[in-house]
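Line order of the protein sequences matches chains A and B.
Per the numbering used here, residue 1 is the first one in the first sequence, and the count goes up by one each step.
Per the numbering used here, residue 1001 is the first one in the second sequence, and the count goes up by one each step.
To start, the structure under review is shown below, and the notes come after it.
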Amino acid sequence: GQNIDQPTEMTATEGAIVQINCTYQTSGFNGLFWYQQHAGEAPTFLSYNVLDGLEEKGRFSSFLSRSKGYSYLLLKELQMKDSASYLCAVIKAAGNKLTFGGGTRVLVKP
Amino acid sequence: EAQVTQNPRYLITVTGKKLTVTCSQNMNHEYMSWYRQDPGLGLRQIYYSMNVEVTDKGDVPEGYKVSRKEKRNFPLILESPSPNQTSLYFCASSLSDRVYEQYFGPGTRLTVT
């Protein structure tokens, strides 16, 4: 089976940095990815990591350590529009089943 | 415009009355999937399909059926809905070699009384 854990909620100030951690336990692993979901909207794809290391995309970066079953999403220069839920998910090596974590709600305050 | 569409967007029904939620994509994607989202439980995959006539169970398939007769369509069928299937449902699609990059539909809010 697969277990994915991430904090339920985080609060940060506009302009600051927030790091959202995600740990996973899975039998078979073929990559970890992050989605953003604003309230009342559908999730949208942010990033994908299959190898260890850091992937940077503008203000957002995602890191993966396969040996530790650990990832984080780093949001820099926070803006009010970054207030959303951030979903961590993994995909199994066999087949293409996706499993999502419960999501981390990030609240950006002025 | 490239998109995933779902219908209906909102539905209130009664226990036991069969219903179908349609999903269609215009991006020629091979992979399609259904999820339900519940507070505290996140997104959970119900069924997925790698291509026409190929479907597989996700983590919570009980009480649901799907079919993939055409590449663009992937309807979700609830033969006998029950109140515990009250949820927000999302359909999504992607290229088969980029399954991590799912394009989601707008969601269908289903209430079963």
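Even glycine gets a Cβ: it sits at the ideal position worked out from N, Cα and C.
Return helix, strand or coil for GLY1 of chain A, following the three-state DSSP convention. Note that GLY1 of chain A has pLDDT 49, beneath the 50 cutoff, so the model's placement of it is unreliable and the number below is only indicative. If DSSP states are grouped into helix, strand and coil, GLY1 of chain A belongs with coil.
Could you give the DSSP three-state label for PHE63 of chain A: helix, strand or coil? strand
Is the number of C-beta pairs between the segment 1002-1012 of chain B and the segment 87-94 of chain A that are closer than 8 angstroms three or more? no
Give the DSSP-derived three-state secondary structure of LYS81 of chain A in the structure shown. helix
Short CB-CB distance (under 7 angstroms) between SER61 of chain A and chain B: no
Distance check for LEU87 of chain A and PRO1039 of chain B, CA to CA, integer angstroms please. 13 angstroms
Under 9 angstroms Cβ-Cβ, which residues of chain B neighbour LYS48 of chain A? Here residue 48 of chain A turns out to be Tyr, not Lys, going by the sequence shown. The contacting residues are ARG1098, TYR1100, GLU1101.
Excluding sequence positions up to five away, which residues of its chain have a Cβ less than 6 angstroms from the Cβ of THR11 of chain A? LEU107
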